[in-house]
Amino acid sequence: MIFPFNYLRILGSYIILMGRSIAIPDRWRMFMKQYVKEMSQLGVDSIGIVLLISFFIGAVICIQIKLNIQSPWMPQWVSGYTTREIMLLEFSSSIMCLILSGKVGSNIASELGSMRVTQQIDALDIMGVNSANYLILPKILGLITLMPCLVIFADVMGIIGAYATAFIGHIISPDDLTAGLQHSFNPWFVWMSIIKSIVFAFIIASVSSFCGYTVEGGSVEVGKASTSAVVNSSIIILFADVFLTQLLS
308 MIFPFNYLRI
318 LGSYIILMGR
328 SIAIPDRWRM
338 FMKQYVKEMS
348 QLGVDSIGIV
358 LLISFFIGAV
368 ICIQIKLNIQ
378 SPWMPQWVSG
388 YTTREIMLLE
398 FSSSIMCLIL
408 SGKVGSNIAS
418 ELGSMRVTQQ
428 IDALDIMGVN
438 SANYLILPKI
448 LGLITLMPCL
458 VIFADVMGII
468 GAYATAFIGH
478 IISPDDLTAG
488 LQHSFNPWFV
498 WMSIIKSIVF
508 AFIIASVSSF
518 CGYTVEGGSV
528 EVGKASTSAV
538 VNSSIIILFA
548 DVFLTQLLS
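For the sequence shown, counting from 1, position 210 maps to 517 in this note's numbering; every step adds exactly one.
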């Protein structure tokens with residue numbers, strides 16, 4: 308009976324911390340400064356890895372579909388159609404957020420954990436500053452703001468990777484790939500991908516902030532908190548993906 312109560316205690320602490328974080332900032336000038344800084348640190352700095360991974364994933368999906376799932380009874384444009392659907396429905400939102408949870412989540416947890424063990428957060432509390440609101444809210448809003456942009460970049464770069472297989476690798480003709488990308492296109496899938504990414508961005512930022520903010524101990528615990536942030540946010544994203552896919556489909 309200890310484990311369920313322990314999880315309930317952690318959930319309650321998380322909800323209380325989020326309640327303190329999601330509040331009206333006392334000083335908007337300082338908040339906007341932190342907000343812009345977090346957008347740059349968490350979002351803009353992640354564009355490179357998003358573009359690189361999306362390019363190769365789009366190319367690999369197109370190659371695998373063309374070489375392994377083609378048959379005389381299947382139209383040639385199926386490879387392009389399948390690549391588009393996989394990129395829109397799962398990779399650009401769910402899989403990309405899982406990858407970013409390792410980069411962004413560990414960054415947030417280690418930063419807040421280091422501030423906790425060096426008593427910087429305690430100093431903010433003593434000065435009367437709402438440390439949770441000052442440190443966590445800009446991270447959450449900054450990641451939520453730029454995550455839809457990262458999703459769009461991932462979609463576009465995945466399609467470019469697919470075209471690379473057509474023009475460079477000659478796996479599929481560009482006309483067949485274009486026909487598959489345009490076949491039965493549903494604009495709602497783009498919005499569904501963006502909505503899912505916003506929810507996942509909140510999960511990454513809030514869970515990682517909680518793991519780092521509540522660190523107790525020294526530098527060893529900071530490393531454990533960073534690992535815990537990545538694992539927990541990834542698991543919650545997978546659970547949320549199941550419910551959001553069912554809800555939005």
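Cβ atoms here follow ideal geometry from the backbone N, Cα and C, with glycine treated the same way.
CA-to-CA distance, residue j to residue i, given in whole angstroms
i: C350; j: L453; result: One detail in the question is off: residue 350 reads as Gly in this sequence, not Cys. When rounded, the distance between both Cα atoms is 6 Å.
i: W380; j: T389; result: 16 Å
i: V514; j: A430; result: 23 Å
i: M308; j: F363; result: At M308 the pLDDT is 41, less than 50, meaning the model places this residue with poor confidence; the figure from the coordinates comes in the next sentence. Using only the alpha carbons, I get a separation of about 47 Å.
i: L497; j: L444; result: It should be pointed out that residue 497 corresponds to Val in this sequence rather than to Leu. So the two alpha carbons sit approximately 27 Å from each other.
i: K446; j: L555; result: 26 Å
i: K531; j: D352; result: 24 Å
i: F460; j: S417; result: 27 Å
i: C518; j: G365; result: 33 Å
i: A512; j: I433; result: 25 Å
i: M325; j: L405; result: 22 Å
i: S328; j: Y441; result: 8 Å
i: V538; j: S401; result: 15 Å
i: M499; j: I372; result: 24 Å
i: G382; j: P494; result: A small correction: the amino acid at residue 382 is Pro; Gly does not occupy that position in the sequence shown. Approximately 23 Å between the Cα atoms of the pair.
i: P455; j: I354; result: 12 Å
i: V529; j: K410; result: 15 Å
i: I543; j: Q426; result: 29 Å
C-beta atoms of residue i and residue j nearer than 8 Å
i: G412; j: V522; result: no
i: A471; j: P481; result: no
i: G449; j: M337; result: no
i: S399; j: G465; result: yes
i: I451; j: S516; result: no
i: A439; j: Y520; result: yes
i: S408; j: S535; result: no
i: G476; j: S386; result: no
i: I501; j: A547; result: no
i: I393; j: I370; result: no
i: L315; j: M403; result: no
i: V424; j: G524; result: yes
Environment of residue i [buried if 16+ CB atoms lie within 10 Å]
i: L545; result: exposed
i: V343; result: exposed
i: I478; result: buried
i: R334; result: exposed
i: W384; result: buried
i: K340; result: exposed
i: I428; result: buried
i: S491; result: exposed
i: L395; result: buried
i: S320; result: exposed
i: L563; result: As shown, the chain starts at 308 and ends at 556. That puts residue 563 outside it, with no answer to give.
*Below 8 Å, can you find three or more Cβ-Cβ pairs linking the stretch 505-519 to the stretch 539-553?*
yes
*Quick one: which unbroken alpha helix (DSSP H) runs of 4-plus residues sit fully inside the stretch 332-379? Chain order, please.*
335-345, 354-375
*Taking 8 Å as the threshold, find out whether the stretch 457-464 comes into contact with the stretch 354-367 through three or more Cβ pairs.*
yes
*Minimum length 4: unbroken alpha helix (DSSP H) runs contained in the stretch 434-495*: 438-474, 481-489
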